[in-house]
Structure formats: C-alpha cells, structure tokens
Amino acid sequence: MGNRHGKTPDRTKSDDAAASFPQFVGIVDLSTGDTDTTEGFGKFVIEVASYLTLIIATQIATVCSLPAADVDKISRDRDPGLVLMDILRQRGKISPTDISSLIDTLKHIGLHGIATKVTDSFARNVSGHLPSPGGFPNPQDSSTSGKKQQFLNDILETYAEMYNGVQPIPYIRERLLCVNKVFIDSGIEYLKKAEGSNAGGGTWIKIGSYNSIFTDSRLSHAMVFLLYGEPGYGKSTLALQYVYDWCNRCLGSSLKDVELLIFLRLRYLKGGMDIFTAIKQFLLPRDTKLSVRDVEDIILSCRSVVLVFDGFDEYSRPDDSSEDDVTQIIARKMFRHFKVILTTRPSSTPPELSYATQQVRLTGFDDQAKERYILKAVVDGNAEAAARIMRRLQQNPILADMCQVPLFFVMLAHMTYEKQTSLVLDSVTSFFRYVMACFYEHIQIRAGRVGTAMKGASARKHHKLDKVAFESLQGKNQHLVWSRDRLVELIDEPLYNELVEIGILVEENVVRIVDEPGISAADLIQRRKNVSFYHKLFCEWYAAHYVAEHINGLETSSLQGFFANMDPFDLQYVYRIACGLNPVAADRIIQYLHSIEGGDKFAILCILEQTGQVDKIKETIRQMCFEGVVISAYDSLLLQRSSIQLLEIAARNEIPIEYVRLSNCLQSVDLSTAAIRTTSGLALTSRIPVKVLSVRLSNRDMTEDEAIDILQFASMCPSLRKLGYLGCVPPRSFSVGPTLSTLKSRNVTVLWRWTKDTPRYMLNLQSGRWEKEDDGSEPTEEVFERALSERAERKTRRTEEYYRIDVKKGRELLRKRAEERQSTPR
1 MGNRHGKTPD RTKSDDAAAS FPQFVGIVDL STGDTDTTEG FGKFVIEVAS YLTLIIATQI
61 ATVCSLPAAD VDKISRDRDP GLVLMDILRQ RGKISPTDIS SLIDTLKHIG LHGIATKVTD
121 SFARNVSGHL PSPGGFPNPQ DSSTSGKKQQ FLNDILETYA EMYNGVQPIP YIRERLLCVN
181 KVFIDSGIEY LKKAEGSNAG GGTWIKIGSY NSIFTDSRLS HAMVFLLYGE PGYGKSTLAL
241 QYVYDWCNRC LGSSLKDVEL LIFLRLRYLK GGMDIFTAIK QFLLPRDTKL SVRDVEDIIL
301 SCRSVVLVFD GFDEYSRPDD SSEDDVTQII ARKMFRHFKV ILTTRPSSTP PELSYATQQV
361 RLTGFDDQAK ERYILKAVVD GNAEAAARIM RRLQQNPILA DMCQVPLFFV MLAHMTYEKQ
421 TSLVLDSVTS FFRYVMACFY EHIQIRAGRV GTAMKGASAR KHHKLDKVAF ESLQGKNQHL
481 VWSRDRLVEL IDEPLYNELV EIGILVEENV VRIVDEPGIS AADLIQRRKN VSFYHKLFCE
541 WYAAHYVAEH INGLETSSLQ GFFANMDPFD LQYVYRIACG LNPVAADRII QYLHSIEGGD
601 KFAILCILEQ TGQVDKIKET IRQMCFEGVV ISAYDSLLLQ RSSIQLLEIA ARNEIPIEYV
661 RLSNCLQSVD LSTAAIRTTS GLALTSRIPV KVLSVRLSNR DMTEDEAIDI LQFASMCPSL
721 RKLGYLGCVP PRSFSVGPTL STLKSRNVTV LWRWTKDTPR YMLNLQSGRW EKEDDGSEPT
781 EEVFERALSE RAERKTRRTE EYYRIDVKKG RELLRKRAEE RQSTPR
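Numbered according to the UniProt record's numbering, the sequence shown spans residues 1 to 826.
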C-alpha cells in the first residue's frame with residue numbers, strides 16, 4: 001500500500017511481514033478511531049518483531065505467562081516475533097496507548113538494549129503515545145509540570161552514567177559494566193532489637209533479599225535503614241543497584257512504584273550543605289535552568305520519595321552537626337515521610353538515631369554468591385571456567401579468607417581469569433602488592449613497554465601521597481575528597497597523572513554553587529574536578545606506608561599519640577599492611593596493640609602479615625589458647641574474625657585449646673556443615689580441637705531446637721570434653737538417642753548454670769534429664785521458673801546498663817570488667 005505522501009517505497013522484509021499480518025496496518029481491529037495511530041502502531045509492531053528472535057520471543061511468552069498453546073504456536077512459526085506481538089495485542093498486553101508491560105518484561109529478562117529500541121520505535125511510529133523512560137510521566141501530561149519532568153529526565157541521565165560506569169578492575173577502563181551485570185544479592189541481615197531497648201543489642205536475623213528491607217513485614221515500621229558493611233563489602237554497589245532498579249522500574253523491585261529516588265554520595269557534600277543545593281549541584285547538569293527553589297518545590301510535591309545516602313563514614317560533618325540537613329533527615333527531624341537508606345561502616349554511626357531506624361548489615365560473599373558472581377560477571381555463564389577460578393582462589397587459605405570480602409573477591413576473580421594463573425599470596429600485604437603490580441603492568445603493556453611494569457611501579461616515589469593519605473584518615477571526619485588542583489599541589493603532578501591513568505585515583509566533574517555575600521554573578525557557579533581514591537582501601541594502603549616509615553623513630557610513650565586518631569578496628573588494613581611492609585615497624589605496632597582493649601587478638605593478624613608463617617608466634621598462640629578464647633557479641637566483626645582465625649591457626653598447628661566461650665553471639669547451628677555461626681556471620685567449626693565449649697545466651701531466649709542443635713554439634717567435636725549452657729534456660733530434658741549415646745561414650749560432661757551464684761546441673765546422658773551436681777537431685781519446676789524469672793530481671797538490668805549509655809562509655813565499662821576478670825583467678 002502507498003503512504004500518505006503518494007510515494008511507493010521499496011518492498012522490504014517488513015512489507016512481506018505486513019502482508020502476512022494485514023491486521024497490523026491500515027485501520028486495524030482497534031476501537032480508537034485514529035487511523036494514523038493504528039497505522040503507526042502496526043509499523044511499530046512489525047519493526048519490533050524484527051528484534052525478537054525465537055529464543056527472545058519464547059522468553060517473553062514465558063514471563064508473560066502465555067498459555068502453552070501460544071508458546072507452541074510461536075515456536076513453530078517462521079516469524080516468531082510477529083506471532084508473539086499479535087498474541088500480546090490480542091490479549092491486551094500491548095496497545096497503541098500502552099506498551100509498558102512489554103518494556104518491563106524486556107528489562108526483567110535483561111534485554112535493556114532491545115527495551116530501548118522498542119521505546120524509540122514507539123516514539124517514531126506512534127506519535128503522542130510514548131511513555132517516558134522508565135515509566136515516568138510524559139511532559140504532555142497536564143498533571144505534571146514541565147519543570148518536574150525536566151528534573152526527572154536530568155537525574156535519570158545522571159544516574160545512568162553512574163550505574164553504567166562500574167569498574168570491577170580500576171585499571172581496565174574500557175571494561176565499564178552496568179551495576180546490574182555485577183551485582184549479586186548476597187548475605188543481608190536485620191537487627192531484631194533486644195526486648196525493651198531502643199538503643200542497641202539484639203539478634204541479627206537473615207532476610208531474603210536486598211529488596212526485603214522494604215517488603216518484609218518485620219521491617220514495616222522503619223523509615224530509616226542504617227546499612228552497615230565492613231570495607232569492601234559492597235555498600236556502594238548495593239546503593240547503585242537500588243538506583244538502577246528505580247530508574248528501570250524493574251519487575252520485582254520494591255522501588256518500582258516510588259515516584260522519586262535521590263542518590264547522593266556523602267563524601268562529596270561539604271558539611272552543612274543545604275540538601276536542595278546538594279541535589280542541584282551533584283545531580284543536575286551545569287546548564288540547568290532549574291533553581292534551588294525549583295528543586296525544593298519538585299521534591300516536596302512528590303507523593304513518595306526514597307533518599308539513598310552513600311558513605312556516611314566518609315562524610316565531613318560540620319562541628320555543629322545538629323543543624324546539618326543530613327543529620328536532621330537521619331534523625332527524622334526533616335522529611336519525616338521519606339524513606340532513607342544510609343550506608344556506613346560499623347564503626348561510624350550517626351550521632352542521632354530515631355526509634356524508626358532499622359539496622360541492616362551486609363555479611364559478605366559465601367561460596368554460592370562467589371560462584372554466582374563469576375558466572376554472571378566474569379565468564380558469561382561458562383560453568384567449567386567458573387569452577388577453575390574457584391579452585392585457584394580456594395587453594396590458598398589466606399586468599400580464601402580475603403575472598404569473603406566482596407571487593408577483594410571481585411578483583412581477584414577478574415584478575416585470575418585474565419591471567420589464567422594460580423596466585424601465591426600469604427597476607428593482605430602481598431595481595432595489595434600483587435594488585436598494584438597488575439595496575440602498573442597493564443599500563444605498561446598498553447603503552448607498549450612490556451616487562452618494565454615493576455620498574456615503573458617503584459620508580460615514582462609516593463612519600464607525599466603517603467602523608468596525605470595518613471592525614472586524611474585522622475579522626476571521625478575523615479577527608480577523602482580533594483579538588484584536583486589541591487591534590488596536585490600536595491603530591492606533585494607527575495604522580496597524580498600516573499595514578500589517574502592507572503585508576504587508583506578517580507576524577508569527577510562537579511559544579512559548586514558559592515552563594516555567599518559579595519560573590520559576583522559570574523563567580524556564583526564554580527566548576528572543578530574532585531578527586532578521590534577508587535576505594536578507601538587504597539587510601540589505607542598509602543597511609544600504611546607512612547606508618548611503616550615514621551613509627552620506627554618514636555618513643556614507646558609516643559605511640560599512643562601517634563595512633564590517637566586512628567581506630568585500629570576501623571582502619572585495620574593500615575595496621576596490617578604497615579606490619580607487612582616493615583618488620584621493625586611491626587614490632588612497635590604490635591606493642592601498641594597489646595596495650596589496648598581487644599588488641600591481643602588483632603595483633604595475631606598483624607604478626608601474620610610479616611611472613612605469613614606462624615612459627616615465630618606459636619608460643620603466643622599457645623598461651624592465648626591456654627587462657628581460653630572468648631568470642632563476644634560486643635566484639636567487632638574484626639575481633640570475632642581474629643578470634644576464629646586464631647583458633648584455626650591453633651588447629652592447623654596442633655596447639656591445644658583449653659576452652660572457647662561464645663558470649664551472647666550465637667546466631668545459629670548449621671549441622672549440615674558442623675558449624676556454629678556467630679552473630680557476625682562467621683563460623684566455629686567442629687574441626688577446632690577445643691576441650692571445653694561454653695555457650696552463654698543471656699541477651700535472648702534459647703529455643704529448644706537451638707539447645708538440641710548445640711548438643712548435636714558437641715557430639716561432632718571429637719576433642720570436646722565439656723559443654724556448658726550458661727545464662728539461659730535449656731529444655732527440662734533431652735530425648736535419649738544417638739547424640740546422647742555418642743557424648744556418653746566419649747565421657748563428655750554437659751553442664752547448665754544460669755548465674756555464677758546458682759547451683760550447677762549436670763545432664764544425665766543415660767536418662768536425658770538434669771541432675772544437681774552435688775547430690776544428683778533433679779531440678780523442680782520451681783527451679784526452672786526461678787531461673788526464668790531471674791534471667792528476665794537480669795536482662796532488664798543489662799538493658800539499662802549497656803544499651804542506654806553511649807558507645808564510648810559502654811566500651812570503657814566492658815574494658816574495666818575485662819580487667820577485673822583477668823585479675824580474678826579462675
């Protein structure tokens with residue numbers, strides 16, 4: 001048929017298709033009364049059909065839950081795309097006024113490129129009926145102002161640059177990936193608060209997905225989500241995934257119906273900056289005609305808003321943070337009807353938290369998450385190649401431990417696949433040396449100077465950068481972003497250019513609005529380049545060099561002052577890498593660590609950085625294991641990890657372990673892997689040769705299943721001689737069976753006591769009932785009731801004592817109690 005301009009176009013494959021499906025052209029069987037629209041819609045359908053192969057067409061049919069007969073019809077036809085489009089039209093899933101269902105389906109199965117083509121085709125062929133990107137309102141919609149639509153379009157474009165610019169390996173800039181390509185939904189937990197406490201304490205409970213923080217009924221009260229993660233655990237990647245989900249209205253996302261999402265990286269915000277000014281400065285183009293007042297009006301007019309603040313631990317708060325917008329929002333004194341996600345390290349908590357704050361944390365990659373990542377982002381589904389990479393990474397125990405940190409794992413996975421070699425690394429220091437060598441080697445190869453990588457890496461001194469990095473990590477308000485000109489001035493331009501080329505330093509163009517008295521109109525908007533490290537861990541690498549070089553000449557009395565503003569449990573890699581760089585410095589650092597609370601266990605990790613061998617510290621480990629190892633809920637993740645690694649080192653070297661106490665940190669018992677998991681997600685396995693195991697659980701009730709699982713775990717520990725239930729109330733009796741028989745055959749003693757002042761009861765492994773240790777009498781029902789009552793009273797006192805004081809005072813109290821315990825003979 002001819003077109004409206006009287007010209008007869010050349011016959012194409014599309015015309016053949018139209019002839020086969022005449023209902024798509026002319027006035028089709030649609031009650032719109034708009035000939036041009038339906039004709040354009042027919043052209044749109046034919047064009048889209050050409051993008052849909054048999055595989056894609058059947059995928060769409062499956063996701064759309066089409067009947068089996070329709071799927072069969074599609075698979076048998078020579079034009080499966082056209083048949084699919086005809087079926088979707090007939091079933092009302094696409095129409096001349098709505099193709100959102102098709103676009104959502106394409107995005108759901110990962111075909112974002114085709115989704116864009118479909119959207120463009122609809123715009124060309126069906127004028128006036130185009131749904132705007134991501135399902136946002138059309139500017140022609142009278143209910144939405146032009147300014148609001150312009151604002152949405154601008155931030156969508158800004159966000160697309162962010163989530164499409166993920167670099168798994170910093171130095172390979174040509175490998176920019178979409179965050180959806182690399183994001184893996186791994187371990188995530190929420191804190192179920194202790195009964196009667198708003199300030200802390202409680203039990204970490206695993207939730208199904210990162211989307212669950214909005215959809216899980218147990219979290220429905222929360223308006224602010226404090227998302228914790230150790231360095232490199234993927235906080236920023238998760239934040240970007242939320243942005244991606246919102247922009248693309250992803251099916252299954254809890255954000256697809258949210259009208260507006262604001263994403264800000266807090267390291268770029270100057271302390272005290274007005275939130276609306278920050279949004280204009282960092283999310284809108286420099287030539288925007290929208291004013292700060294426009295931004296405010298638009299945001300306040302939205303029916304639903306989610307704020308995602310990334311990196312509170314990198315935020316330079318003003319001295320008086322009480323009037324700071326970010327602090328006000330977190331404390332729900334501003335934007336009370338907005339949902340807020342705030343990412344931070346566990347050691348950096350906002351000064352004010354409201355009752356509606358829910359603590360959530362990332363627990364890192366388990367083996368399943370690692371395999372999923374490799375298949376998805378590294379080997380493109382090649383299971384055999386994925387298995388090879390996993391084998392290489394699991395060969396070395398130090399490497400396997402580091403791979404629990406997602407950032408380390410991601411970099412190692414890509415590098416291992418790229419180089420096709422096994423890695424021999426025995427410490428965090430050797431890992432970073434390897435990474436840095438790879439950075440320089442890649443640049444040398446790209447420049448045609450193969451074989452000179454390490455020469456290039458060591459030729460340029462970085463002493464000035466070491467000092468800048470060390471000083472930037474001081475105190476709570478760490479300074480991790482510089483202007484380009486300022487950093488060049490501090491470290492010299494050749495080094496700066498080299499690190500930018502490698503990818504260790506990352507530049508970002510920003511617009512700064514200087515709205516101050518006396519500022520001329522020409523100077524009101526200032527443009528500059530901000531610079532930060534690819535990741536904070538690289539800042540710690542250079543700071544460690546400064547420590548390794550400057551600590552040697554210090555007197556012992558000066559160590560406290562030198563490290564006064566560097567919390568080792570926040571900046572563990574500074575301490576560990578410095579020990580690996582300089583053995584003399586390591587002695588001073590370890591001396592300092594022994595002088596602080598919890599430092600003994602952390603010192604073990606620092607000692608291992610020197611050689612990766614344990615020969616020189618066997619006696620230290622032997623002494624610590626003889627005294628007993630306590631893993632407490634009040635320990636940081638680093639301390640819990642240090643304690644478990646200490647036990648594993650002892651096990652590998654056949655060093656006897658007298659006793660282990662799990663104090664209020666029981667998470668679960670996994671009998672399939674013969675392991676007790678702590679509240680930090682770490683595992684104490686049955687291969688640890690412990691003689692006495694005590695499980696204290698005074699911060700919550702112990703369930704009957706947990707008590708039974710602990711008993712079964714004990715039966716799996718061949719070296720165990722005594723098991724203790726402390727501070728809790730176990731079942732009145734246990735069923736007689738294989739578990740009790742195994743314990744009886746090995747002469748294992750099972751004890752129970754709920755306070756140090758109450759009698760001890762021993763489990764009769766033949767009858768499964770408790771008996772008083774001194775006279776063999778069974779506890780009465782009144783005994784159990786009294787235990788429950790006293791435990792409840794003690795729990796209330798502990799809530800008042802621990803949870804209603806600030807963290808600093810709490811740590812001091814715990815330190816004093818630890819000293820008292822050490823001074824009291826056992």
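Ideal Cβ placement from N, Cα and C applies to all residues, glycine included.
Query	Result
Three CB pairs or more closer than 8 angstroms across the segment 235-249 and the segment 282-298	no
Residue span of the alpha helix (DSSP H) that contains residue 645, given as start and end	637-652
The segment 215-222 in contact with the segment 697-708 per 3-pair CB rule at 8 angstroms	no
Buried or exposed (CB count within 10 angstroms, at least 16 for buried), residue 355	exposed
Own chain partners of residue 716 with C-beta closer than 7 angstroms, once the 5 adjacent residues on each side are dropped	674 and 686
Cβ separation of residue 689 and residue 719, assumed to be a contact under 8 angstroms, to the nearest whole Å	4 angstroms
Alpha carbon of residue 671 to alpha carbon of residue 64, nearest angstrom	41 angstroms
Proximity winner among 478, 120 and 621, relative to residue 312 (alpha-carbon distances)	478
Bounding residues of the beta strand (DSSP E) (the contiguous stretch that carries residue 630)	629-632
Close-in-space but distant-in-sequence residues of the same chain around residue 505 (CB under 6 angstroms, 5 per side omitted)	499 and 531
Whole-Å CB distance - residue 669 paired with residue 710, under 8 angstroms assumed	6 angstroms
Neighbour-count burial assignment, residue 270, 16 or more Cβ in a 10 Å radius	exposed
Which listed residue (546, 469 and 386) has its alpha carbon closest to that of residue 533	469
Integer-rounded CB distance, given that residue 600 should sit under 8 angstroms from residue 624	7 angstroms
Backbone secondary structure at residue 211 - three-state DSSP	coil
Test item: CB-CB of residue 537 and residue 407 under 8 angstroms	yes
Inter-residue Cα distance where the pair is residue 604 and residue 677	22 angstroms
Three-way DSSP call (helix, strand, coil) for residue 228 in this model	strand
Reduced DSSP category for residue 62 - H, G, I as helix; E, B as strand; rest coil	helix
Spatial distance of residue 361 from residue 592 (CA atoms)	30 angstroms
Endpoints, the beta strand (DSSP E) within which residue 363 is located	357-364
With 16 other Cβ atoms within 10 Å as the buried cut-off, status of residue 640	buried
Run of the beta strand (DSSP E) containing residue 87, from where it starts to where it stops	No beta strand (DSSP E) holds residue 87; the alpha helix (DSSP H) holding it covers 80-90.
Where residue 732 falls: helix, strand or coil (DSSP)	coil
Where residue 485 falls: helix, strand or coil (DSSP)	helix
Pairwise C-alpha distance: residue 104 and residue 57	14 angstroms
Coarse secondary structure for residue 757, derived from DSSP in three states	coil
Residues near residue 375 in its chain [Cβ-Cβ closer than 6 angstroms; skip 5 each side]	381 and 386
Proximity winner among 587, 342, 124 and 53, relative to residue 555 (alpha-carbon distances)	587
Where the alpha helix (DSSP H) through residue 367 begins and ends	367-373
Residue from 503, 340, 282 and 463 with nearest C-alpha to residue 158	282
In DSSP terms, what residue 750 is bridged to	723
Close beta carbons around residue 358, own chain, < 8 angstroms, minus the five adjacent residues each side	190, 191, 213, 219, 221, 222, 224, 225 and 226
Residue from 597, 373, 622 and 50 whose Cα sits closest to the Cα of residue 634	597
Pick from 765, 753 and 723 that is closest to residue 742, judged by C-alpha positions	765
Cβ-based burial, residue 83 [other Cβ within 10 Å; buried from 16]	buried
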